[in-house]
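For the sequence shown, my numbering gives the first residue as 972, with consecutive numbering after it. Beta carbons are placed, not taken as given, at the ideal position from N, Cα and C, and that holds for glycine. Written out below as structure tokens is the structure these notes cover.
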Amino acid sequence: MILKLDMNSTVPIYVQLRNQIVMGIGHGELKEGERLPTVRQLASDAGVNTMTVNKTYQILKAEGYIQTDRRQGAMVARNITMNKEFREKLESELELLSAEASINGMDKSEFMKMCESIYSTMNPQPLQA
972 MILKLDMNST
982 VPIYVQLRNQ
992 IVMGIGHGEL
1002 KEGERLPTVR
1012 QLASDAGVNT
1022 MTVNKTYQIL
1032 KAEGYIQTDR
1042 RQGAMVARNI
1052 TMNKEFREKL
1062 ESELELLSAE
1072 ASINGMDKSE
1082 FMKMCESIYS
1092 TMNPQPLQA
């Protein structure tokens, strides 16, 4: 998986890293149980501070996307499931996106078509044995 970070963006690097890893899982580029680079390795590869990567991994772990083990390191979580907090966050973000789309003149059918098109590109994969 290739990470694309914009060092000039107003979005913090740790958020960009988090989003790129979640997108990698969603698109099936990162599979359940697949090991992630060590904090040091990812920091070196991305050209960022190790604390930035550590913060990213802590957030991903809290959200249930990754698991960490002292011996194995970080890996994509198995059996990621929707919980109440995620559902509430999703509804809130979709409400905001819907409002912005509506304000900018997008009709409901166009918005729904865009959502379907993007969602259809998601293909999370279990680790192949």
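Buried/exposed call for residue i, threshold 16 Cβ in 10 Å
i: I996; result: buried
i: R1058; result: exposed
i: L1007; result: buried
i: V1010; result: buried
i: A1070; result: exposed
i: V1019; result: buried
i: T1037; result: According to the sequence shown, residue 1037 is Ile rather than Thr. Classification for I1037: buried.
i: L1031; result: buried
i: I1089; result: exposed
i: I984; result: buried
Three-state secondary structure assigned by DSSP to residue i
i: M1046; result: strand
i: I1051; result: coil
i: R1041; result: coil
i: M1083; result: helix
i: L1067; result: helix
i: L1061; result: helix
i: I973; result: coil
i: S1091; result: coil
Rounded distance between the beta-carbons of residue j and residue i, thought under 8 Å
i: T1023; j: A1033; result: The Cβ separation is near 16 Å, so there is no contact.
i: I1001; j: L988; result: What sits at residue 1001 in the sequence shown is Leu, not Ile. Contact flag wrong, Cβ pair sits at about 13 Å.
i: A1017; j: L1067; result: Not a contact, Cβ separation roughly 28 Å.
i: G999; j: Q1096; result: 4 Å
* Counting pairs of Cβ atoms below 8 Å between the segment 1047 to 1064 and the segment 1000 to 1016, do you hit three or more? -> A contact exists between the segment 1047 to 1064 and the segment 1000 to 1016.
* Determine, using beta-carbon pairs with one atom in the segment 1069 to 1089 and one in the segment 973 to 986, whether at least three such pairs fall under 8 Å. => In this structure the segment 1069 to 1089 does not lie against the segment 973 to 986, because fewer than three pairs of beta carbons, one per stretch, are closer than 8 Å.
* Would you be able to state if there are at least three C-beta pairs under 8 Å between the segment 985 to 993 and the segment 1024 to 1032? => Taking 8 Å as the limit for Cβ pairs, the verdict is that the segment 985 to 993 does touch the segment 1024 to 1032.
* **Segments of 4+ residues assigned as alpha helix (DSSP H) that fall wholly inside the segment 980 to 1041** => If we require 4 residues or more, the alpha helix (DSSP H) runs fully inside the segment 980 to 1041 come out as 984 to 997, 1010 to 1017, 1021 to 1034.
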